[in-house]
Amino acid sequence: MTQSSNAAVMRQIRMMVATRPSEEESDFHLLARFSAERDEAAFAALVHRHGGMVFAVCQSVLGRQHDAEDVFQATFLVLARQGHTIRKQEAVASWLHRVAYRLALKARLQARRRQARENAVAIADSATSAIDVNTREMREVVHEELNRLPEKYRTAILLCYLEGRTRDEAAQRLGVSPGAFKKCLERGRNLLGSRLLGRGLAPAALLANLLTEIQAEAAVSTSLTHGTARAAVAFATGCGTNAATTTAALMLANGAIRTMTITKFAWTLLALILVCASGAGLGLAAYQGFAGDLTNRPHGVIGLPGAQGEKPDQKTPGKKTDLERLIGTWRFASGAARGKETPKEFIALARLTFTRDGKTLMTITEETKTGQFKIVAPGKIDLSLGGNDTVTPAIYRFEGDNRLILCGGDGPKSERPSQFKGDKDSTQVLLILIRAKTGEEKPTKQDLAKFKGGLAQVQEAAARAQSANNLKQIGLAMHNYLAVYKSFPRHAIYSKDGKTPLLSWRVAILPFIEQDKLYKEFKLDEAWNSAHNKKLIAKMPKIYEPLGAGKKGVGLTHYQVFTGLNTMFNGAKELGPRDVTDGTSNTILAIEAKQAVVWSQPADLVLPKDETKLPPLGGLFKAGMHVLMADGSVRFRSATTPAATIRAAVTPAGNEPPE
Numbered sequence: 210m211t212q213s214s215n216a217a218v219m220r221q222i223r224m225m226v227a228t229r230p231s232e233e234e235s236d237f238h239l240l241a242r243f244s245a246e247r248d249e250a251a252f253a254a255l256v257h258r259h260g261g262m263v264f265a266v267c268q269s270v271l272g273r274q275h276d277a278e279d280v281f282q283a284t285f286l287v288l289a290r291q292g293h294t295i296r297k298q299e300a301v302a303s304w305l306h307r308v309a310y311r312l313a314l315k316a317r318l319q320a321r322r323r324q325a326r327e328n329a330v331a332i333a334d335s336a337t338s339a340i341d342v343n344t345r346e347m348r349e350v351v352h353e354e355l356n357r358l359p360e361k362y363r364t365a366i367l368l369c370y371l372e373g374r375t376r377d378e379a380a381q382r383l384g385v386s387p388g389a390f391k392k393c394l395e396r397g398r399n400l401l402g403s404r405l406l407g408r409g410l411a412p413a414a415l416l417a418n419l420l421t422e423i424q425a426e427a428a429v430s431t432s433l434t435h436g437t438a439r440a441a442v443a444f445a446t447g448c449g450t451n452a453a454t455t456t457a458a459l460m461l462a463n464g465a466i467r468t469m470t471i472t473k474f475a476w477t478l479l480a481l482i483l484v485c486a487s488g489a490g491l492g493l494a495a496y497q498g499f500a501g502d503l504t505n506r507p508h509g510v511i512g513l514p515g516a517q518g519e520k521p522d523q524k525t526p527g528k529k530t531d532l533e534r535l536i537g538t539w540r541f542a543s544g545a546a547r548g549k550e551t552p553k554e555f556i557a558l559a560r561l562t563f564t565r566d567g568k569t570l571m572t573i574t575e576e577t578k579t580g581q582f583k584i585v586a587p588g589k590i591d592l593s594l595g596g597n598d599t600v601t602p603a604i605y606r607f608e609g610d611n612r613l614i615l616c617g618g619d620g621p622k623s624e625r626p627s628q629f630k631g632d633k634d635s636t637q638v639l640l641i642l643i644r645a646k647t648g649e650e651k652p653t654k655q656d657l658a659k660f661k662g663g664l665a666q667v668q669e670a671a672a673r674a675q676s677a678n679n680l681k682q683i684g685l686a687m688h689n690y691l692a693v694y695k696s697f698p699r700h701a702i703y704s705k706d707g708k709t710p711l712l713s714w715r716v717a718i719l720p721f722i723e724q725d726k727l728y729k730e731f732k733l734d735e736a737w738n739s740a741h742n743k744k745l746i747a748k749m750p751k752i753y754e755p756l757g758a759g760k761k762g763v764g765l766t767h768y769q770v771f772t773g774l775n776t777m778f779n780g781a782k783e784l785g786p787r788d789v790t791d792g793t794s795n796t797i798l799a800i801e802a803k804q805a806v807v808w809s810q811p812a813d814l815v816l817p818k819d820e821t822k823l824p825p826l827g828g829l830f831k832a833g834m835h836v837l838m839a840d841g842s843v844r845f846r847s848a849t850t851p852a853a854t855i856r857a858a859v860t861p862a863g864n865e866p867p868e
């Protein structure tokens with residue numbers, strides 16, 4: 210038996226053992242093993258443990274076996290990359306259910322659009338009976354309402370009904386007493402039942418439906434479990450694809466990660482700047498004034514404040530409704546996040562206006578940004594940066610007619626707070642607002658003067674975070690390209706004879722940054738500055754736009770790749786991860802260049818033959834530059850980084866020792 214055969218047999222034995230995970234080994238321990246060691250057996254155990262539930266979701270929404278398998282694999286690919294972001298108070302099962310449900314909906318929508326373009330048959334197979342369709346639709350309603358339940362109730366139902374655990378096993382898994390779990394399960398079941406009644410489904414049908422879906426676990430074959438685990442290892446290490454990975458799954462997974470990254474960006478940056486405000490003199494008000502410009506999202510208050518340990522009022526005193534009391538302009542009296550108080554000189558700059566049509570107008574200095582709000586119940590309000598997936602649940606309380614206390618979670622996926630709490634152990638954001646008097650609708654000149662000192666620092670911090678996020682999205686697009694074409698893009702789209710570069714790689718990846726329409730507008734057999742293609746320069750996607758001190762102009766970008774001999778983009782051939790013998794985590798894909806170029810022009814950085822030199826880099830930020838690595842990660846390099854270090858990272862097969 211050959212050495213490779215021996216290795217394959219040993220791996221199969223380990224995998225067979227791994228797919229019988231110990232109940233004592235928690236999901237988070239398995240995730241930690243996978244994250245630290247890329248332990249395929251640990252990930253296979255997670256797939257085995259939760260695969261039945263995930264597959265049940267996929268089948269309920271999609272129906273067809275191969276479609277469900279694609280979404281099944283995509284869900285676990287997302288877990289491989291994003292598992293580290295799961296909060297410890299959130300069950301992995303609940304996280305997987307939410308991701309699987311959303312991916313299944315997206316896959317179904319894509320299929321319908323594709324079939325509409327092709328004038329094909331409907332999504333359901335013609336052999337599928339009306340009863341099958343109705344059953345699947347009913348199950349989808351169950352998953353939809355499950356997805357809307359509060360975290361703790363959804364987790365309890367998933368563990369017992371979709372994963373088949375006993376109450377004692379589920380309680381042990383969650384680290385709570387059997388009595389507490391029983392109450393949680395009953396409350397969740399009653400809440401789900403009442404919601405299903407409102408949708409025309411009886412609770413009895415609900416339970417039968419859930420129990421039927423448990424049987425879907427048997428449909429998750431050993432080959433699918435092991436193949437998904439192998440695909441996860443390749444995906445997590447930046448290799449993009451292997452024989453076990455389907456193109457559809459990889460596309461869905463990368464799209465989901467891109468959405469998660471964009472959504473999370475604003476919230477992470479908010480918490481970072483707000484917490485740092487106490488030591489650096491930078492505040493929430495300062496951030497919100499310009500972050501909307503950088504993220505191109507409407508916004509209002511994100512999360513919000515009050516007295517410690519008090520529950521929101523459930524009754525509105527007086528004759529006015531809560532909406533009537535809320536309408537008007539409010540100024541910020543104080544704010545805090547994670548126990549850190551925001552300096553008052555920055556809080557003083559913000560004004561928040563609630564309008565009767567459900568909009569919020571956030572005014573910072575002389576800028577006004579628009580967001581949305583909705584009072585969902587007395588004392589409960591939803592605030593949004595834009596889109597249904599960015600709603601942050603919050604609570605509010607009036608103290609008289611002129612004082613408003615708001616308290617929200619740390620992001621769109623957070624639970625609605627039950628108390629007005631903002632100590633160091635809390636992730637909640639709190640604000641106290643005072644109704645603005647006549648003349649207080651805008652900040653004073655003195656407030657603006659205090660603000661100017663710290664604004665530049667905050668703007669650079671936000672711009673750096675946004676630029677890093679842009680490069681991450683470019684990296685995801687390149688890996689999507691890799692999944693489809695089995696290599697990274699060349700630095701240019703060439704003429705038919707392969708000799709003349711016509712358009713940039715930035716055009717080639719447009720379909721992978723959700724710019725299919727723009728891509729189809731280009732004439733790919735014409736140069737970037739032809740009469741037709743030149744008109745498209747002004748349509749440059751925002752992901753390429755300059756930030757910080759970058760040169761701003763129509764269609765100019767600083768995101769470039771290195772070209773020339775021994776680089777990832779040498780023009781001679783298309784390279785893939787196997788050609789990167791130095792390691793994808795040690796090799797640069799793209800970088801922030803000093804000189805801006807037209808985004809559609811096949812113009813990038815040329816690596817000089819002189820091994821002591823580099824082209825001009827780092828034109829966006831004084832301290833240095835962001836670099837996109839071939840594994841999809843983004844790093845910040847100091848402006849003083851030696852040229853030899855950068856050059857070593859530019860060559861994919863230079864055999865230089867990693868730094």
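Using the working numbering, you'd call the opening residue of the sequence shown number 210 and step up by one each time. The beta-carbon is built from N, C-alpha and C at its ideal position, and this holds for glycine as well.
Beta carbon of residue i, beta carbon of residue j: below 8 Å?
i	j	result
residue 294	residue 263	no
residue 835	residue 623	no
residue 605	residue 618	no
residue 466	residue 291	yes
residue 674	residue 722	no
residue 629	residue 639	yes
residue 858	residue 795	yes
residue 614	residue 799	no
residue 829	residue 756	yes
residue 654	residue 843	no
residue 352	residue 269	yes
Who are the Cβ neighbours of residue i in its own chain at under 6 Å, not counting the five residues just before and after it?
i	result
residue 808	715, 749, 753, 764, 766
residue 259	302, 305
residue 275	none
residue 355	363
Please go through the same chain and pick out, in chain order, the residues whose beta-carbon is closer than 7 Å to the beta-carbon of residue i, but skip the five residues on each side of it.
i	result
residue 455	279, 282
residue 709	703
residue 340	Low per-residue confidence applies at residue 340: pLDDT is 36, beneath 50, and the placement is therefore not dependable, though the value from the model is reported in the following sentence. Cβ neighbours of residue 340 beyond the five flanking positions: none.
residue 441	252, 285, 286, 289
residue 822	852
residue 387	376, 377, 380
residue 429	260, 261, 264
residue 563	535, 536, 537, 569, 582
residue 779	772, 773
State the DSSP-derived secondary structure class of residue i, mapped to helix, strand or coil.
i	result
residue 826	strand
residue 583	strand
residue 767	strand
residue 815	strand
residue 606	strand
residue 600	strand
residue 266	helix
residue 322	helix
residue 675	helix
residue 778	strand
residue 807	strand
residue 374	coil
residue 799	strand
residue 644	strand
residue 861	coil
residue 718	coil
residue 670	helix
What are the partner residues of residue i, as DSSP defines its beta bridges?
i	result
residue 834	846
residue 612	643
residue 593	581, 600
Is residue i a contact residue of the ligand ADP, with contact defined as CB to any heavy atom under 7 Å?
i	result
residue 813	The ligand content of the structure shown is nil, which means the ligand ADP is not present either.
Can you name, in chain order, every residue of its own chain whose Cβ lies under 8 Å from the Cβ of residue i, other than the five neighbours on each side?
i	result
residue 742	712, 731, 732, 735, 736, 809
residue 565	532, 536
residue 745	727, 730, 731, 809
residue 694	783
Notebook entry, point to check: Between the region 732 to 749 and the region 705 to 721, do at least 3 Cβ pairs fall closer than 8 Å?
Noted result: Output reads yes: the region 705 to 721 touches the region 732 to 749.
Notebook entry, point to check: Can we say the region 843 to 854 touches the region 772 to 786, given the rule of at least three CB pairs closer than 8 Å?
Noted result: Segments in contact, no.
Check: Between the region 814 to 833 and the region 722 to 733, are three or more C-beta pairs nearer than 8 Å?
Finding: Because the criterion of three Cβ pairs below 8 Å is not met, the region 814 to 833 and the region 722 to 733 do not touch.
Margin query: Closer than 8 Å is the cut-off here; do at least three beta carbon pairs connect the region 360 to 368 with the region 390 to 408?
Written below: By the criterion of at least three beta-carbon pairs nearer than 8 Å, the region 360 to 368 is in contact with the region 390 to 408.
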